[in-house]
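Numbering (the numbering used here), first residue to last: 22 to 582. Built from N, CA and C at the ideal position, the CB exists for glycine as well. Since the model is a prediction, treat every value here as computed from it, not as a measurement.
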Amino acid sequence: MRLVMNEPVEGMEGPYRRRWWALLVLCLSLLIIVMANTALTVAAPAMTEDLGLSSADLQWVIDGYTVPYAALMLLLGAIGDKYSRRGALVLGLLVFAGGAVSGYLADSSTTVIAARAVMGVGAALIMPATLSLLAATFPRAERAKAITLWTATAGLAIAAGPLVAGALLENHGWSSSFLINVPVALVAIVGALVLVPPSKAGHHDRIDYVGGLLSVLWIGALVYMIIEGPHFGWGPKAIGAAVVAAAALLAFVLWELRHPRPVLDVRRFTDRRFAGSNLAVALFFLAVFGAFYYLTQHLQFVLGYDALDTGLRMLPLAGAVFVGSALTAYLTPRVGMKWTVTAGMVGGTAALALLTRVDSTSSYGDFVAPLVVLGVAIGLALSPCTDAIMGAFPESELGVGGAVNDTSLELGGSLGIAILGSLLGTSYSDHLGDAASGSGLPAGTLATAQDSVGAGYAVAQGVADKARQLGEQAAQSADPQQAAQLKAQAAQLADNARQMADSVGSSFADAVAHASLVGAVVLGVGTVLVAVLLPGRGKPARAGTEGEEDAEREEEFSEVR
Numbered sequence: 022m023r024l025v026m027n028e029p030v031e032g033m034e035g036p037y038r039r040r041w042w043a044l045l046v047l048c049l050s051l052l053i054i055v056m057a058n059t060a061l062t063v064a065a066p067a068m069t070e071d072l073g074l075s076s077a078d079l080q081w082v083i084d085g086y087t088v089p090y091a092a093l094m095l096l097l098g099a100i101g102d103k104y105s106r107r108g109a110l111v112l113g114l115l116v117f118a119g120g121a122v123s124g125y126l127a128d129s130s131t132t133v134i135a136a137r138a139v140m141g142v143g144a145a146l147i148m149p150a151t152l153s154l155l156a157a158t159f160p161r162a163e164r165a166k167a168i169t170l171w172t173a174t175a176g177l178a179i180a181a182g183p184l185v186a187g188a189l190l191e192n193h194g195w196s197s198s199f200l201i202n203v204p205v206a207l208v209a210i211v212g213a214l215v216l217v218p219p220s221k222a223g224h225h226d227r228i229d230y231v232g233g234l235l236s237v238l239w240i241g242a243l244v245y246m247i248i249e250g251p252h253f254g255w256g257p258k259a260i261g262a263a264v265v266a267a268a269a270l271l272a273f274v275l276w277e278l279r280h281p282r283p284v285l286d287v288r289r290f291t292d293r294r295f296a297g298s299n300l301a302v303a304l305f306f307l308a309v310f311g312a313f314y315y316l317t318q319h320l321q322f323v324l325g326y327d328a329l330d331t332g333l334r335m336l337p338l339a340g341a342v343f344v345g346s347a348l349t350a351y352l353t354p355r356v357g358m359k360w361t362v363t364a365g366m367v368g369g370t371a372a373l374a375l376l377t378r379v380d381s382t383s384s385y386g387d388f389v390a391p392l393v394v395l396g397v398a399i400g401l402a403l404s405p406c407t408d409a410i411m412g413a414f415p416e417s418e419l420g421v422g423g424a425v426n427d428t429s430l431e432l433g434g435s436l437g438i439a440i441l442g443s444l445l446g447t448s449y450s451d452h453l454g455d456a457a458s459g460s461g462l463p464a465g466t467l468a469t470a471q472d473s474v475g476a477g478y479a480v481a482q483g484v485a486d487k488a489r490q491l492g493e494q495a496a497q498s499a500d501p502q503q504a505a506q507l508k509a510q511a512a513q514l515a516d517n518a519r520q521m522a523d524s525v526g527s528s529f530a531d532a533v534a535h536a537s538l539v540g541a542v543v544l545g546v547g548t549v550l551v552a553v554l555l556p557g558r559g560k561p562a563r564a565g566t567e568g569e570e571d572a573e574r575e576e577e578f579s580e581v582r
């Protein structure tokens, strides 16, 4: 048996025998690039303390990964189609591992952000390659099942990231959350070479580099605007990014409409199934990433769980994703994609609606039902949408198809963190300002506490530490009158610290409820739009000559098999 798999699927007499092992490699590759974001939410507090990160630094540590990841996928997906999809996967894993090593060695906010950006470039190579290789390796009859497992892996990674990071932080520093990616990436590289058949487009047309670069410009500028505006204010940077994004998007659409072989045929968005599926993916991940952003903070800061306990308490989400995926495989062939996706989005809306009940008395038990409902909803909605998006592209453009799906996902996730995260921060600050108005805290100290829930608890802890110091001074004082005064001051400060901590917790809980309400409204309206867009059963999944040619190629391939 040859060590490296060099025979393309197209040249085989029947389906590739080790295709399910190949899927395992693709899912493993997907797992680490999704976990790279979710694990950071748990490692962030330790990183912030160790490196002295400001809130702006921390935001760009998180989003330094997102900008290149989202912006480069479409162009890199097209390059992978032309030259080698497996080559793109292997190169992406190498770049990703290199960025992870740099992150492990980083000792400042600048070096961490740079390392995250390198990992984002690697992820932009990996993500579309996993979907395009999946679609090229599996016959169409099995593709929906394979995509269901791929989607379930993404859901698992959302919950597994905090768990793995939490386990590492028990005995190691925050940098271990970077280093754990390296052996996994190396295993995936070996697995890709041994188990994944090579694949590339059948044609040799020149790549539309102008369209590709315009896509990088408008997507990158849009993501930058989404991050900069809500978090740091609508100043010249955010407004400039908005102008660049709009101008580049218009130029991209006009160029693609005129180009004989565009990097992305924008006419595809006139197909209801394709447009509805992309809208569903974007809106769903807006809700999922937004909710995940504040749920992990609530579990850690308000309920007081450490990193490992937080990860363990996110596991119901992962288990529910697999349940939802199993239901998808059963329901979609029977009731059709439209109703399965709509049911998933209704479930996601319901999960956010349940989170509106969060208040200062809420315990972890109040979060279990929303997590389970959200997990089932992910499994129901995303697999059929991904299958529909990939099915809209011919075999020669599978990398582009994967990039379109993943770009919708990333744009939705970025919007979710930006919109719901910004609402969360504003609501928390307003509630805390009202709750602490009579506390006697200096204006500067209160402003610090209003910056974030972590900063709020740090201020409360600082007041408590001051109370403890005064108590120790009172115990050591030889003057009874002075000791009594110090004790009274210490008692007053201790009471202020308790009140401050209670105010921070209740303010953040109220902010979670407020952000969840907005998220539920957005996803609910989106559910109606998607239900209207998606065609019912019996409607064609593809429109245009390319879809017909794709079906003819698949029929010919079936005859060969």
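Other residues of its chain near residue i: CB distance less than 6 Å, five sequence neighbours each side excluded
{"i": "T353", "result": "T361, P405"}
{"i": "E191", "result": "L329"}
{"i": "N426", "result": "T407, I410"}
{"i": "G547", "result": "L304"}
{"i": "L200", "result": "Y125"}
Three-state secondary structure (DSSP) of residue i
{"i": "Y314", "result": "helix"}
{"i": "V379", "result": "coil"}
{"i": "K221", "result": "coil"}
{"i": "L61", "result": "helix"}
{"i": "K255", "result": "Position check: residue 255 holds Trp in this sequence, whereas Lys was assumed. If DSSP states are grouped into helix, strand and coil, W255 belongs with coil."}
{"i": "D71", "result": "helix"}
{"i": "Y245", "result": "helix"}
{"i": "V284", "result": "coil"}
{"i": "G557", "result": "coil"}
{"i": "V274", "result": "helix"}
{"i": "E34", "result": "coil"}
{"i": "G478", "result": "According to the sequence provided, residue 478 is Tyr. The question's Gly does not apply to it. Three-state result, Y478: helix."}
{"i": "V542", "result": "helix"}
{"i": "Y385", "result": "coil"}
{"i": "E493", "result": "helix"}
{"i": "V46", "result": "helix"}
{"i": "V397", "result": "helix"}
{"i": "P463", "result": "coil"}
{"i": "F414", "result": "coil"}
Classification of residue i by the beta-carbon crowding that lies within 10 angstroms, buried from 16 upward
{"i": "A162", "result": "exposed"}
{"i": "A312", "result": "buried"}
{"i": "S528", "result": "buried"}
{"i": "Y86", "result": "buried"}
{"i": "D516", "result": "exposed"}
{"i": "P561", "result": "The pLDDT assigned to P561 is 42, lower than 50, so where the model puts this residue is not dependable, and the model offers no usable value."}
{"i": "L271", "result": "exposed"}
{"i": "L275", "result": "exposed"}
{"i": "W255", "result": "exposed"}
{"i": "I260", "result": "exposed"}
{"i": "L126", "result": "exposed"}
{"i": "E31", "result": "exposed"}
Near the ligand ADP: residue i beta-carbon under 7 Å from a heavy atom
{"i": "W171", "result": "Ligands in the displayed structure: none, and consequently the ligand ADP is not present."}
Same chain, Cβ closer than 7 Å to residue i, neighbours up to 5 away in sequence not counted
{"i": "G368", "result": "V394, V397, A398, L401"}
{"i": "N27", "result": "P219"}
{"i": "R293", "result": "L554, L555, P556"}
{"i": "L444", "result": "H535, A536, V539"}
{"i": "A522", "result": "Y478, A481"}
{"i": "D84", "result": "I248"}
Beta-carbon contacts of residue i that lie in its chain and below 8 Å, excluding the five residues immediately before and after
{"i": "A530", "result": "H319, V323, V379, D380, S381, S383"}
{"i": "L544", "result": "L304, F305, L307, A308, M366, G369, T370, L373"}
{"i": "L278", "result": "V287, R288"}
{"i": "V82", "result": "L61, A65, M68, L74, S130, V133, I134, R137"}
### Query
Enumerated in chain order, which unbroken segments of the alpha helix (DSSP H) with a length of 4 residues or greater are wholly contained in the stretch 290-358?
293-318, 328-333, 336-356
### Query
Counting Cβ pairs closer than 8 Å, one from the stretch 106-123 and one from the stretch 60-69, do we hit at least three?
no
### Task
May I ask you to verify whether the stretch 136-145 touches the stretch 80-98, counting CB pairs closer than 8 Å and requiring at least 3?
yes
### Query
Are three or more beta carbon pairs between the stretch 37-48 and the stretch 214-223 nearer than 8 Å?
yes
### Task
Could you say if the stretch 316-328 and the stretch 293-305 meet the contact criterion of at least three C-beta pairs nearer than 8 Å?
no
### contact_flag[the stretch 304-318, the stretch 436-456] where n(CB pairs < 8 Å) is 3 or more
yes
### Task
Kindly confirm or deny that the stretch 364-375 and the stretch 203-213 touch, where touching means at least three C-beta pairs closer than 8 Å.
no
### Task
Decide if the stretch 332-349 is in contact with the stretch 494-505; the criterion is three or more beta carbon pairs, one per stretch, under 8 Å apart.
no
### Query
For the stretch 417-424 against the stretch 479-491, are there 3 or more C-beta pairs whose distance is under 8 Å?
no
#### Entry: Length at least 3, wholly inside the stretch 84-162: the beta strand (DSSP E) runs in chain order
none
### Message
Just to confirm the assignment: which complete alpha helix (DSSP H) runs, minimum length 4, are found wholly within the stretch 193-243?
### Response
197-200, 202-216
### Message
With three or more C-beta pairs closer than 8 Å as the rule, is the stretch 221-233 touching the stretch 254-266?
### Response
no
### Task
Tell me, please, whether the stretch 119-139 touches the stretch 444-453 by the rule of three or more beta-carbon pairs shorter than 8 Å.
no
### Query
Does the stretch 241-248 come within contact of the stretch 170-180, defined as at least 3 CB pairs closer than 8 Å?
no
### Message
For the stretch 149-166 against the stretch 98-106, do three or more pairs of beta-carbon atoms, one drawn from each stretch, fall closer than 8 Å, so that the two count as touching?
### Response
yes
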